[in-house]
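Colleague: Residue numbers (this note's numbering), protein chains in the order written: chain A, 1 to 198; chain B, 199 to 341.
In this text, a Cβ means the ideal position worked out from N, Cα and C, and glycines have one as well.
(1) Hey, is residue 39/A's beta-carbon within less than 8 Å of any beta-carbon in chain E?
(2) Report the residue from 48/A, 33/A, 46/A, 78/A whose alpha carbon sits nearest the alpha carbon of residue 18/A.
(3) Are residue 244/B and residue 40/A close, meaning C-beta to C-beta below 8 Å?
(4) If distances are taken between C-alpha atoms only, which option among 251/B, 297/B, 291/B comes closest to residue 330/B?
(5) Taking the alpha-carbon of residue 249/B as reference, which of 52/A, 47/A, 28/A has the nearest alpha-carbon?
(6) Quick check: is the beta carbon of residue 102/A nearer than 8 Å to any beta carbon in chain B?
(7) I need the DSSP call for residue 278/B, collapsed to helix, strand or coil.
(8) What are the start and end residues of the alpha helix (DSSP H) that includes residue 21/A?
(9) Give the secondary structure of residue 267/B by DSSP, where H, G and I count as helix, E and B as strand, and everything else as coil.
(10) For residue 201/A, count the other beta carbons within 10 Å of its own beta carbon; 16 or more makes it buried, fewer makes it exposed. Which is it?
(11) For residue 253/B, count the other beta carbons within 10 Å of its own beta carbon; 16 or more makes it buried, fewer makes it exposed. Which is it?
(12) Mapping DSSP to helix, strand and coil, what is residue 18/A?
(13) Can you tell me the Cα-Cα spacing of residue 257/B and residue 20/A, whole angstroms?
(14) Do residue 135/A and residue 239/B have their CB atoms nearer than 8 Å?
(15) Apart from the five residues on each side of it in sequence, which residues of its chain come closer than 8 Å, Cβ to Cβ, to residue 149/A?
(16) Mark residue 114/A as exposed unless 16 or more other C-beta atoms lie within 10 angstroms of its C-beta, in which case mark it buried.
(17) Taking only the alpha-carbon atoms, compute the straight-line gap between residue 133/A and residue 88/A and give it to the nearest angstrom.
(18) Check the Cβ of residue 213/B against every Cβ in chain A and list those closer than 7 Å, keeping chain order.
(19) Below 8 Å on the Cβ atoms is my guess for residue 200/A versus residue 214/B; work out the distance and round it to an integer in Å.
(20) Using only CA atoms, which one of 208/B, 219/B, 324/B lies nearest to residue 83/A?
(21) If you check the beta carbons only, do residue 45/A and residue 194/A fall under 8 Å apart?
(22) Residues of chain B with a CB under 7 Å from the CB of residue 133/A: which are they?
(23) Report buried or exposed for residue 61/A, applying the criterion of at least 16 other Cβ atoms within 10 angstroms of its Cβ.
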């Protein structure tokens, strides 16, 4: 007799490791208002990258998900998956217009884990680098002279870990968590108010 | 700019995106709702817009599928009918028809039109039988 665990494994083998387009359609049809807000905010953040309207980016992600070009692993929340599709589409251009490509590490991770495979490298790395630097500078300017927030942001993009960064900034855990949240919301807000890279 | 500089700038953008994505998609519904209320977001309007975008996307995907089906049907219609080896296939067809006299009378164009000769329609019947697999494609003549 099969144990519950092995029955589950058998079942997942039968139905596959990714949602079918019909299953994905059914899941998206059940989205709550909050789910749409998460997806919208992701589209707003990444629309700067491909110089298009956030709604166009969101639409493209929906179409590619529904027609089966992008496949959602069963162990990934569908909202998160749509956010990743948006991120991936925003990174697709060839780089001649200055887009930012995802890192090789993330490309490999997405290729293997979730079938998000249409990522390309920029043909002009220098142009992309200029854009990358401009984007980071723009983000820092969003903190309007709030030194602690700017330093926290710089620490995050430089890869400092939570505890190390918290001690570096001499913040209590509560203040650190609150500041992290403020930084993320300020980035969202800035992207919403300034949809395109100059 | 050095390769290290290029790599560093790209990695910083990736980490910024990771940070934003993590915040957006790992926050609990309660926390996210609280943020939305603080920001004065019209949640119902965001939801409606999302659902409309979803409906549009479904329509686009449906139209694309329909166009593909039409394209396949056109290609299929343009495909030349298989031409089996006349002697073998003719004998196969007569054998089938002789075993099914009643069906044969319904199959022929002559019967459908009430005029003509069954011989006139044999090419079409042969093609139909090949299509249905009643007569083997093996030994088809080149078109």
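Modeller: This is what the structure holds:
(1) The chain labelled as chain E is not found among the protein chains of the depicted structure, namely A and B.
(2) That would be 78/A, whose Cα lies nearest to the Cα of residue 18/A.
(3) Annotated as proximal: residue 244/B and residue 40/A, with beta-carbon spacing under 8 Å.
(4) Comparing Cα-Cα distances from residue 330/B to each of 251/B, 297/B, 291/B, the minimum goes to 291/B.
(5) Of 52/A, 47/A, 28/A, the residue nearest in Cα terms is 28/A.
(6) Low confidence applies here, because residue 102/A scores a pLDDT of 43, under 50, leaving its location unreliable; read the following figure in that light. Using a CB distance cut-off of 8 Å, residue 102/A counts as an interface residue toward chain B.
(7) Here residue 278/B sits in coil by DSSP.
(8) Start and end: 21-29.
(9) In the structure shown, residue 267/B adopts helical secondary structure according to DSSP, grouped into three states.
(10) For residue 201/A there is no data in the structure shown, the boundaries of chain A being 1 and 198.
(11) Classification for residue 253/B: exposed.
(12) The DSSP-derived three-state label of residue 18/A is strand.
(13) Residue 257/B and residue 20/A: Cα-Cα distance of roughly 18 Å.
(14) Contact: no.
(15) The residues are 143, 179, 182, 183, 186.
(16) Since pLDDT at residue 114/A reaches only 40, below the 50 mark, its modelled position is unreliable, and the value read off the structure follows with that caveat. Burial state of residue 114/A is buried, judged by a 10 Å Cβ sphere holding 16 or more other Cβ atoms.
(17) Whole-angstrom Cα-Cα distance: 20 Å.
(18) Residues of chain A passing the Cβ test: 156, 157, 159.
(19) Only positions 1 to 198 of chain A appear in the structure, and residue 200/A is not among them; the question remains open.
(20) Comparing Cα positions, the closest option is 219/B.
(21) In this structure, residue 194/A does not lie closer than 8 Å to residue 45/A by Cβ.
(22) What residue 133/A touches in chain B, judged by beta-carbon distance under 7 Å, is 207, going in chain order.
(23) Buried, because 16 or more other Cβ atoms sit within 10 Å of the Cβ of residue 61/A.
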